[in-house]
DNA sequence: TCGCTACATGTAGCGTTACTACGTATTGGA
DNA sequence: TCCAATACGTAGTAACGCTACATGTAGCGA
């Protein structure tokens, strides 16, 4: 699955991945891949810039560490990031309902 | 609702609007607005270029006419457009399921 | 020891696409 | 007469995920 259609939704996915505890960038990518059964295998050139963007926006907070000789940048949600994640979920619900309604052709539960 | 998050999904919506019969551009925009309870009120600067794009791609076919002194460009689905619409619906179902799974936090019926 | 793979991070430049802002023109109502 | 709605269009901008590349370590097999 191409992530091109993700435009505007990727941030929420990354935040959701960090919800259960701090992760470093590579682990976030892997977790996202696992959570979707390998259907969302994002290139690192997508993940890292997105994480930088989230950090600049104050939604996540990163810190360097070294594990097994490899440097890692571990990210965790900020309070603002947690609120943003809740907003992203609401937004997604509405977005999905709207698109499903307009796209039609399939029985999608538009009720919410 | 901003259409920014639409990236990659708008084409399918436009095709779906034309599925029940030919429409001119402005009517497509209005129909999309109605179908979503006013939540998807696209600017004309989004709709017209998108229709041109779809026509160039051979998914819709346009023809000029004059109604009530106003010129209209009426579009209808091509056979290729019909197939593309079916593909867009499939793609949306999978996309929505994947995002819902990864975003979590809400009971979304991933079964379909 | 050499080379490969996985891990781990990063940047530069590109392409797509929806957006804003504007321009043109007709009809019809205030 | 002015303005809103209808109806079409383009130019330029911005966002953002992508490709491609660069860097470096750890661990394994040949």
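Chains as they are written, first to last, in my numbering: chain A, 1 to 112; chain B, 113 to 224. By construction, the Cβ of each residue, glycine as well, lies at the ideal position given by its N, Cα and C atoms.
Members of the segment 119 to 148 of chain B that neighbour chain A once the beta carbon cut-off is set at 7 Å = Against chain A - using a Cβ distance shorter than 7 Å - the residues of the segment 119 to 148 of chain B are 119, 120, 121, 124, 125, 128, 144, 147 and 148.
On the three-pair Cβ rule with 8 Å, is the segment 201 to 218 of chain B touching the segment 80 to 96 of chain A?
-> A contact between stretches requires three or more CB pairs, one per stretch, nearer than 8 Å, and the segment 201 to 218 of chain B meets this requirement with the segment 80 to 96 of chain A.
Using a Cβ cut-off of 8 Å, pull out every chain A residue sitting near residue 173/B, in sequence order please.
-> Correct list: empty, because the minimum Cβ distance to chain A is about 21 Å.
Determine the closest residue to residue 166/B out of 215/B, 126/B and 118/B, with distance taken between C-alpha atoms.
-> The shortest Cα separation from residue 166/B among 215/B, 126/B and 118/B belongs to 126/B.
Neighbour flag for residue 181/B against chain A, beta carbons, 7 Å | No, no contact with chain A.
Let me know if residue 175/B comes out buried or exposed under the rule of 16 or more other beta-carbons within 10 Å of its beta-carbon.
-> Counting the other Cβ atoms within 10 Å of the Cβ of residue 175/B gives fewer than 16, which makes it exposed.
Measuring alpha carbon to alpha carbon, tell me which of 217/B, 118/B and 142/B ends up nearest residue 82/A.
-> Comparing Cα positions, the closest option is 217/B.
Between residue 58/A and residue 23/A, is the Cβ-Cβ spacing less than 7 Å?
-> No. Outside cutoff.
With 8 Å as the limit, tell me which residues of the segment 152 to 170 of chain B have their beta carbon closer than that to any beta carbon of chain A; keep them in chain order.
-> Correct list: 152.
Could you check the C-alpha separation between residue 146/B and residue 162/B for me, to the nearest Å?
-> The alpha-carbon atoms of residue 146/B and residue 162/B are separated by roughly 19 Å.
In chain B, what lies closer than 7 Å to residue 98/A by C-beta?
-> Under the 7 Å cutoff, chain B gives 113, 148, 151 and 152.
Name the two residues that bound the continuous beta strand (DSSP E) containing residue 186/B.
-> 182 to 189 is the span of the beta strand (DSSP E), which, as asked, contains residue 186/B.
Check whether the Cβ of residue 217/B lies closer than 7 Å to any Cβ atom in chain A.
-> Using a Cβ-Cβ cut-off of 7 Å, residue 217/B counts as an interface residue toward chain A, since at least one Cβ of chain A sits closer than that to its own.
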